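Enquirer: Protein chains in written order, with the numbering used here: chain A, 73 to 407; chain B, 4 to 294.
1. Excluding the 5 residues flanking residue 175(B) on each side, which residues of the same chain have their C-beta closer than 7 angstroms to its C-beta?
2. Is it the case that the Cβ atoms of residue 44(B) and residue 142(B) are separated by a distance below 8 angstroms?
3. On the DSSP letters alone, give me the boundaries of the alpha helix (DSSP H) that residue 225(A) sits inside.
4. Quick check: is the beta carbon of residue 223(B) nearer than 8 angstroms to any beta carbon in chain A?
5. Which partner residues of residue 142(B) appear in the DSSP bridge assignment?
6. Would residue 123(B) be called buried (16 or more neighbouring beta carbons within 10 Å of its own) or exposed?
7. Mapping the DSSP letters down to three states, classify residue 189(A) as helix, strand or coil.
8. Is the beta carbon of residue 68(B) less than 8 angstroms from the beta carbon of residue 156(B)?
9. Using Cβ-Cβ distances below 9 angstroms, what residues of the region 96–113 of chain B are close to chain A?
10. If you run the structure through DSSP and keep just helix, strand and coil, what is residue 126(B)?
11. Taking a Cβ distance cut-off of 8 angstroms, strictly less, list which residues of the region 73–94 of chain B are near chain A, in chain order.
12. Quick check on the burial criterion: 16 or more other C-beta atoms within 10 angstroms. Buried or exposed for residue 313(A)?
13. Interface residues of chain A around residue 281(B) at Cβ under 8 angstroms?
14. Helix, strand or coil for residue 97(B) per DSSP?
15. Give me the Cβ distance between residue 144(A) and residue 249(A), rounded to the nearest whole Å; I'm assuming they're in contact under 8 angstroms.
16. Taking only three categories from DSSP, how would you classify residue 149(A)?
17. Could you list which residues in chain B have their beta carbon closer than 8 angstroms to that of residue 194(A), in chain order?
18. Pull up the CB-CB distance for residue 86(B) and residue 70(B), whole angstroms please, since I reckon it's below 8 angstroms.
19. Drop a sphere of 10 angstroms on the beta-carbon of residue 64(B), count the other beta-carbons inside from all chains shown, and report buried for 16 or more, exposed for fewer.
20. For residue 197(A), which residues of its own chain have a beta-carbon under 7 angstroms away from its beta-carbon, when the five flanking residues on both sides are left out?
21. Just to confirm, are residue 135(B) and residue 145(B) a CB contact at a threshold of 8 angstroms?
22. Near residue 307(A), which residues of its chain fall below 8 angstroms by C-beta distance, leaving aside the five closest residues on each side in sequence?
23. Which residue wins for smallest C-alpha separation from residue 104(B), given the options 379(A), 392(A), 273(A)?
24. So the alpha helix (DSSP H) residue 93(A) belongs to, where does it begin and stop?
25. Which residues in chain B sit within 8 angstroms of residue 120(A), going by Cβ to Cβ distance?
26. In chain A, which residues lie less than 9 angstroms from residue 267(B) when you measure between Cβ atoms?
27. Please name the residue, chosen from 202(A), 368(A), 246(A), 395(A), that lies closest to residue 147(A) on a Cα-to-Cα basis.
28. Taking C-beta pairs closer than 7 angstroms, name the residues in chain A that residue 38(B) reaches, listed in chain order.
29. Tell me the DSSP secondary structure of residue 364(A) in three-state form.
30. Leaving out the 5 sequence neighbours to the left and right, which residues in its chain are closer than 8 angstroms to residue 240(B) when beta-carbon positions are compared?
31. How would you write the range of the alpha helix (DSSP H) that residue 317(A) sits in, first residue to last?
32. In angstroms, rounded to a whole number, what distance separates the CA positions of residue 468(A) and residue 155(A)?
33. Could you name the residues of chain A that residue 277(B) contacts, counting a contact when the two beta carbons are closer than 7 angstroms?
34. Going by DSSP, what residue range makes up the alpha helix (DSSP H) through residue 234(B)?
35. Start and end of the alpha helix (DSSP H) containing residue 328(A)?
36. Please classify residue 189(A) as buried or exposed, where buried requires at least 16 other C-beta atoms within 10 Å of its C-beta.
Structure representation (structure tokens):
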């Protein structure tokens, strides 16, 4: 009861958020966070719960994004149809991929998804008659205000959290976890592991593809380097999942919030703090420092991957009990 | 016919270098059971080491093998000792942590290189970079031929090491059955450290040998990691003989696709091979020969 009260409160805060904080920049960041909640939840379903680590979330994301853009460019259908159809297209990709690659286990499956990511990026780059290659595709934004996008993104995030919650409380959820824990044991208990891995992958692909469709509509521009990016989408999705908490419902939400914040801190040099300091003090040192910091965002991702895996392998939600113990211990020491 | 033969020669010469890259990867794969996704990035580091030695000290790339290989050996040892081995003791839900860790290491290496050298393309121009000898109308690039000879020699030395020396036997033992090897008194953790070092040194050799005929920028690691990965899958996981044939196959496939299909397919052919192998020959070339 207490838990559902907290969830409702959080939802209420999120609903009034854009009317309280009218700054477009923060609204933009919140839209990104909500989009990443959907991607992180999708990743978490196949990787965190089912144990089949997805290294190529960008393949589903990119397919969703390109579906939306190509519907407009080739068929002159509103790109908003690309939001649901992007999810469908991602599932249509996940199906044959899973059929071929679920014969692989563990790290090899992970690498196959990585290869899929690279194949799709190459295709999108080379097939210029369809995708315009590196030039990219432009989609005019429908709304000037960020608020409609915000509510669509919120809807998507809520949908993904609810979907993961419902699935994981159902019979399927137990099947998924049993596959993660011991695939052979699950098989011997009569669970059709291939079928349920496929179900899990398709649900993930659906969520990630929907997020891709939203991305096209919101950002208004896509090219292969952005939507099939290994670092900015695939690794980011893994980080969102792991930082928040592998195999937890709310983990990806927390992970999305932290990772978008980290990305933004590095991109803007500490929310514009470092450049501003450089301007007021006039030290050339500060300008070079802020330049380095803004260039370091991929480096920061790499260091985060290493640090998180070593010290927080189950994420903030998953390792919460040990974090709390450490914090309490630290406080006692200080007192 | 001439075009065909020329492509064949180019493919085999390149394949020799690819075999060297794949050998390091497959050794690491066999002993640790993980794919090292920082492999190409380690090669990139070796290439920068060679570049610095050539540019600032005027040391010939082939001489700098004596420096780049030991330094990369050290880097590999440090990575294994302080980043990958401690990971065994970390309890986590996902078993793929180590693979993910190598991705992180690769990103860090690439970005550090970008910090120091910026994203500009660099190259090492030696007197023999564009020289060629002609044998019966077919041109052999001098640098590539020398690289091929070096690669064959190193492969020979590696096989001698694995078959004849004590340390080599220990490596093979751990790769066949880690637990049994430990029961026989082999320090598996130390073997892992050494193997990672050897794998890094091999890929460093490939990078140094490739530099006179190639260009260099921080992102060059990614494509080579991908190639190493395709070679390892193609050859059969953990099989050293398979890696040699995998490397040659990939070298030939890339050469023929870029001659007959167009340059832009050169990068893609490896991934196509990867999918085909998964579909029709999941065990790789290893499963054909049963070696």
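Every residue gets a Cβ at the ideal spot worked out from N, C-alpha and C, and that includes glycine.
Since the structure is predicted, the reported quantities are computational estimates derived from the model, not experimental observations.
Expert: On the basis of the coordinates in this document:
1. 165
2. no
3. 219–241
4. no
5. 137(B)
6. exposed
7. helix
8. no
9. 96, 97, 98, 99, 100, 101, 102, 103, 104, 106, 107, 108, 109, 110, 111, 112, 113
10. strand
11. 86, 89, 90, 93, 94
12. buried
13. 172, 173, 175, 176, 184
14. coil
15. Not really, about 40 angstroms apart at Cβ, beyond 8 angstroms.
16. coil
17. 270, 271, 274
18. The Cβ separation is near 24 angstroms, so there is no contact.
19. buried
20. 205, 206, 296
21. yes
22. 373, 377
23. 379(A)
24. Element bounds for residue 93(A): n/a, residue is neither H nor E.
25. 96, 97
26. 194, 197, 198
27. 202(A)
28. 179, 183
29. helix
30. 29, 32, 33, 287, 289
31. It is not in any alpha helix (DSSP H) - residue 317(A) carries neither H nor E in the DSSP assignment.
32. In the structure as shown, chain A starts at 73 and stops at 407, and residue 468(A) therefore has no counterpart that could be examined.
33. 187
34. 224–238
35. 323–339
36. buried
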